[in-house]
Amino acid sequence: MPLSMLSLGESKEIISISASPDLKQRLLSMGFVPGNSVTIVSQSNQGLVLEIKGTRLALNKGLAHLIQVA
């Protein structure tokens, strides 16, 4: 399921990223690495605030839709 579909407070493991090589590398460098757990901290119409390994990051829903979690 896409990361953009998670509910507030929900945590899942990152499975894969479906993006261009440059964008994928950028997301990997931000901590969106397969195997890492990600939690939805807050959400709005524009995007999400996520927590990965103790770090909070903001991501728009379009990018969050490219990240698969389970």
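Going by the numbering used here, the sequence shown opens with residue -12, and the numbers climb by one from there.
Think of the CB as a built atom: it goes at the ideal place given N, C-alpha and C, for glycine as much as any other residue.
Contacting residues, own chain, Cβ-Cβ under 8 angstroms from residue i (five flanking each side not counted)
i: Gln30; result: Leu(-5), Val36
i: Ala45; result: Gly34, Leu35, Val36, Leu37
Residue range of the alpha helix (DSSP H) that includes residue i
i: Ser16; result: 8 to 16
Residues near residue i in its chain [Cβ-Cβ closer than 7 angstroms; skip 5 each side]
i: Thr42; result: Gly18
i: Ile27; result: Leu(-7), Ser(-6), Leu(-5), Gly(-4), Glu(-3), Leu35, Leu37
Contacts around residue i, its chain only, beta-carbon distance under 6 angstroms, and the 5 residues preceding and following it disregarded
i: Ile39; result: Gly18, Asn23, Val25
i: Ala6; result: Leu53
DSSP state of residue i mapped onto helix, strand, coil
i: Ser(-9); result: helix
i: Leu35; result: strand
Status (buried if at least 16 other CB within 10 Å, exposed otherwise) for residue i
i: Ser3; result: exposed
Contact with chain B by residue i, beta-carbon distance below 9 angstroms
i: Val25; result: No chain B appears in the structure shown, which is made up of a single protein chain.
N-terminal and C-terminal residue of the beta strand (DSSP E) that residue i is part of
i: Ala45; result: 42 to 47
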